[in-house]
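Just so you know, the sequence shown maps onto residues 1 to 111 in full-length UniProt numbering. Every residue gets a Cβ at the ideal spot worked out from N, C-alpha and C, and that includes glycine. Remember, predicted model here, so these are calculated numbers, not experimental data.
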Amino acid sequence: MKLYTYPGNYRVFKVLIAAEYNGINIELPKFDMAKDLKTKAFKAKTPLGKVPILETEEGSIFESGAIARYVARLRPDTGLYGKTFFESGQVDSWIDFSAYELEVPLEVWVH
């Protein structure tokens, strides 16, 4: 799998942590936002034309939360995404909390 993003994109940390925890190798190809984002090949990978994008054998997944959930589910034996629907719901709660209560205010503060 290949994860397309720009260097230092804090949104992909949750993806990389899930991959590390689950023992999943994710390639981080060099990506030049100014150049690669505009190519036809990249635009074919994403409906929104932005990063991050995880390229899998089955196709591409966009949005960091969705990618993190996908990676966490790849190894059910680790329990990273929970072992029951309730536990999965709790994981989703924290992923969404992170996105809305931490990432958004951080962006406002930084920009």
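Through-space distance from residue j to residue i, alpha-carbon basis
i: Ile53; j: Lys43; result: 11 Å
i: Pro47; j: Thr56; result: 15 Å
Residue of the options minimising C-alpha distance to residue i
i: Ile24; options: Ile67, Phe86, Pro105, Trp109; result: Ile67
i: Pro29; options: Asp92, Pro76, Leu74, Met1; result: Met1
i: Ile26; options: Lys35, Asp32, Val15, Ala34; result: Val15
i: Glu58; options: Gly49, Val51, Lys45; result: Lys45
i: Glu20; options: Asp92, Leu80, Thr39; result: Leu80
Identity of the residues DSSP links to residue i by a beta bridge
i: Gly59; result: Thr56
i: Glu87; result: Looking at the DSSP assignment, Glu87 forms no beta bridge with any residue, so it has no partner.
i: Glu101; result: In the DSSP output, where bridge partners are listed per residue, Glu101 has none listed.
i: Glu27; result: Lys2
DSSP state of residue i mapped onto helix, strand, coil
i: Leu3; result: strand
i: Leu16; result: helix
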